[in-house]
Amino acid sequence: MRFSVPGPRSLAGQLFAMQAVLIAVVVAGYALFTYVSDRSQAEEAARRQARAVARSVADSPSVLQAARTSDPTAELQPYALKVMRDTEVDFITIMDPRGIRWTHPDPERIGQPFQGHTEKALKGQTFTETYTGTLGPSVRAVTPIQDGKEIVGLVSAGIRVEEITQRVQGQLTALLGVAAGALALGAVGTYVINARLRRHTHGMNAAQLSRMHDYHQAALHAVREGLLMLDGQYRVALINDGGRELLGVAGDVVGRSVAEVGLPAPLTGALLASEPRVDEVHLTASRVLVINTSPVSGGERRGTVVTLRDVTELQSLMGELDSERGFTQALRSQAHEAANRLHTVVSLIELGRAEEAVEFATAELELAQALTDQVVAAVSEPVLAALLLGKTAQANERGVELMVSEDSSLDDGLLPESLPSRDLVTILGNLIDNAVDAAQGSVRARVTVAAYTQDTEDPEALDDAPELVLRVSDTGPGVNPEHAEAVFQRGFSTKPAGPGGRGLGLALVRQAVQRHEGTLSVSEADGGGAQFEARLPLRESGAVAEGVTSRTSVSRGAGGYA
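Its first residue numbered -15, the sequence shown is counted upward by one per residue in this note's numbering.
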């Protein structure tokens, strides 16, 4: 035969059993206390009743008169029986000073000695005692019958202990009924409360809840992704370490409204939205986040679960990949053009026009070399130079001329380590892409890029460190002055939305600029169009070579930006 060991009861079941036992013990203890107290009170009441009856009989003139006759029993026995019935005592015994009974409930015991103590009564005192006599244990009172100072007889009145017990049992029965009702009511209330608790704890016991709490805490601290939980009033109910890091919040934010945490407005709006969000891209001061929100409901809205993923590095790599793809496409196009030119050279040679072939090939080589020399001479920083060459070829394919301004001057090794090349690619690459989009289709479509360093123009700057200036202008329709600030917000775009969405490029640019405590401005360019200018402080000592020429900043305005 197999025996199964029952598993631990649920927390609600344990609490119900504990509360039921507690209520039963309290009720039983109260019942026992009341029983003992009532019995003591019943015995005391019996003593007072017996004492009063005995004193009343002893003080009766007819009893004193009968005690002096030759046959006291004849008069006292009927009288004693009548008083017994009227006062509901079990016996009244009237006796002479020697203790010989004159009356008794059992007539056969008349004339026999009284069973009990009479010493105190013979001294003129009235006393009570519990004694076992002919009728069994009883609570009795004994008092003298006095004629002046002479004691002519004794009176004893008593109530059997059995009768007292019956009285207490009647009270105990009523008490047990009340106690049972209280126990039943307490059990029902406890069951209702624990049924609610069982729903909230999903039937788990204390060990399971403790284990779940430990797993919960370990998971919150171990998961690198951000986790944020909001209650039904959109207050922060829980946030893990990853969530604090990704959102850039410090201090105790639990219990505060998500609108008071200081997050960017678009991100706050997404967290306050009632509908779920799936893989939405949002920007903070220094990160690109993908958020997913899922409402928690159980008949009513109970809150929202928010997961956060950091895609800052991924977004930057995607930008670099897009630049590489554009550069690859430009190289393919240039290869196609080179093949055409080579075929032209070969055809000229086959036609016996060698001199024309040499002149044609030399002119093409000089044009390509001049473009490379122009870019490298102005910007010898390898990453920016490669970016400008690739963007130049890409712009030419779209019918836009990309030029590096004559005032550009940026030597290799000039930029500090605190300004990584990836951020420069993000800033300059997105500005050029947006400028090419804006200039495409305009008359004499052109994009002009300037990159140089100069002393800071901010009189309130804490130090006099130089700053890097990146300026991109175009010949497009420009930017409406009313949109000068909105153009940097994620989601703003004057172009039709594509499959991947719009409005992220300039937001990433501003994020990168703010990350390095720089400034970004937009205004109208000379001759129309738009001009963006980013200024990044260079704070590392020795980062800038001597002889840097100070230049005046040029503002820009741009149309069709994302």
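By construction, the Cβ of each residue, glycine as well, lies at the ideal position given by its N, Cα and C atoms.
{"query": "Which of helix, strand or coil does DSSP assign to Ile78?", "result": "strand"}
{"query": "Just how far apart, CA to CA, sit Ala499 and Leu403?", "result": "The sequence shown places Arg at residue 499, rather than the Ala named in the question. Cα-Cα distance, rounded: 10 angstroms."}
{"query": "Just checking my contact of Gly187 with Glu209 at CB under 8 angstroms: how many whole Å lie between their CB atoms?", "result": "The Cβ separation is near 30 angstroms, so there is no contact."}
{"query": "What residues are listed by DSSP as bridge partners for Val26?", "result": "The sequence given here places Ala at residue 26; Val does not occur at that position. Ala26 is not bridged to any residue."}
{"query": "To the nearest angstrom, report how far apart Met2 and Ala158 are at their CA atoms.", "result": "27 angstroms"}
{"query": "Would you mind working out which of Glu244, Val245, His266 and Gly246 sits nearest Ala254, comparing C-alpha positions?", "result": "His266"}
{"query": "Which same chain residues end up closer than 7 angstroms to Thr252 when comparing Cβ atoms and leaving out the 5 residues on each side of it in sequence?", "result": "Val242 and Ala243"}
{"query": "Measure the alpha-carbon distance for Ser405 versus Leu520 and round it to whole angstroms.", "result": "13 angstroms"}
{"query": "Starting from Gln498, follow the alpha helix (DSSP H) in both directions and report where the run begins and ends.", "result": "Gly489 to Arg499"}
{"query": "Could you check how far apart the C-beta atoms of Phe516 and Leu415 are, in whole angstroms? I think they sit under 8 angstroms.", "result": "5 angstroms"}
{"query": "Assuming Ala42 contacts Ile129 under a Cβ cut-off of 8 angstroms, what Cβ separation, rounded to an integer in Å, is found between them?", "result": "5 angstroms"}
{"query": "Please state whether the Cβ-Cβ distance between Arg316 and Val384 is less than 8 angstroms.", "result": "no"}
{"query": "Decide if the region 4 to 18 is in contact with the region 103 to 114; the criterion is three or more beta carbon pairs, one per stretch, under 8 angstroms apart.", "result": "no"}
{"query": "Just to check my reading of the structure: Leu492 and Val274 have Cβ atoms closer than 8 angstroms, yes? What is that Cβ distance to the nearest angstrom?", "result": "Contact flag wrong, Cβ pair sits at about 14 angstroms."}
{"query": "List the endpoints of the continuous alpha helix (DSSP H) containing Tyr218.", "result": "Tyr218 -> no alpha helix (DSSP H), and no H or E assigned at all."}
{"query": "In terms of residue numbering, what span does the beta strand (DSSP E) encompassing Gly137 cover?", "result": "Glu134 to Arg144"}
{"query": "For the candidate residues Thr346, Pro97 and Ala166, whose alpha-carbon lies nearest to that of Gly83?", "result": "Pro97"}
{"query": "Look up Ala36 in the DSSP assignment and say whether it is helix, strand or coil.", "result": "helix"}
{"query": "What do you reckon, are the CB atoms on Ala38 and Ala125 nearer than 8 angstroms?", "result": "yes"}
{"query": "Expressed to the nearest angstrom, what Euclidean distance is found between the alpha-carbon atoms of Ala8 and Ala166?", "result": "9 angstroms"}
{"query": "I'd like the list of long-range same chain contacts for Pro121, defined as Cβ closer than 6 angstroms, with 5 residues on each side in sequence excluded.", "result": "Val145"}
{"query": "What does a CB cutoff of less than 6 angstroms around Pro89 pick up in its chain, not counting 5 residues either side in sequence?", "result": "Phe75"}
{"query": "Kindly give me the distance between the Cβ atoms of Val329 and Phe344, rounded to whole angstroms, as I take these residues to be in contact under 8 angstroms.", "result": "6 angstroms"}
{"query": "So what does DSSP say about Thr503, is it helix, strand or coil?", "result": "strand"}
{"query": "How many angstroms separate the CA atom of Glu28 from the CA atom of Gln153?", "result": "16 angstroms"}
{"query": "Grab me the residues of Gln61's own chain with a C-beta within less than 6 angstroms of its C-beta, minus the 5 sequence neighbours each way, in chain order.", "result": "Thr87"}
{"query": "How long is the line joining the alpha carbons of Val570 and Gly216, rounded to whole angstroms?", "result": "The structure shown does not extend to residue 570, since the chain spans only -15 to 546, so no value can be given for it."}
{"query": "Taking 8 angstroms as the cut-off, decide whether the C-beta atoms of Tyr218 and Leu256 are in contact.", "result": "yes"}
{"query": "Determine which residues share a DSSP beta bridge with Gln515 and list them.", "result": "Ser457 and Ser507"}
{"query": "Is Thr53 buried or exposed, if buried means 16 or more other CB atoms sit within 10 Å of its CB?", "result": "exposed"}
{"query": "State the DSSP-derived secondary structure class of Met188, mapped to helix, strand or coil.", "result": "coil"}
{"query": "For Thr277 and Ser270, I'd like the C-alpha separation in whole angstroms.", "result": "21 angstroms"}
{"query": "What does the Cβ neighbour count give for Glu103, buried or exposed, with the cut at 16 atoms within 10 Å?", "result": "exposed"}
{"query": "Tell me the rounded alpha-carbon separation between Ala105 and Gln33.", "result": "18 angstroms"}
{"query": "For Ala4, I'd like the list of residues in its chain whose CB is within less than 7 angstroms of its CB, leaving aside the five on either flank, ordered along the chain.", "result": "Ala171 and Thr174"}
{"query": "To which residues of the same chain is Thr503 closer than 6 angstroms at the C-beta, ignoring the five residues directly before and after it?", "result": "Arg519"}
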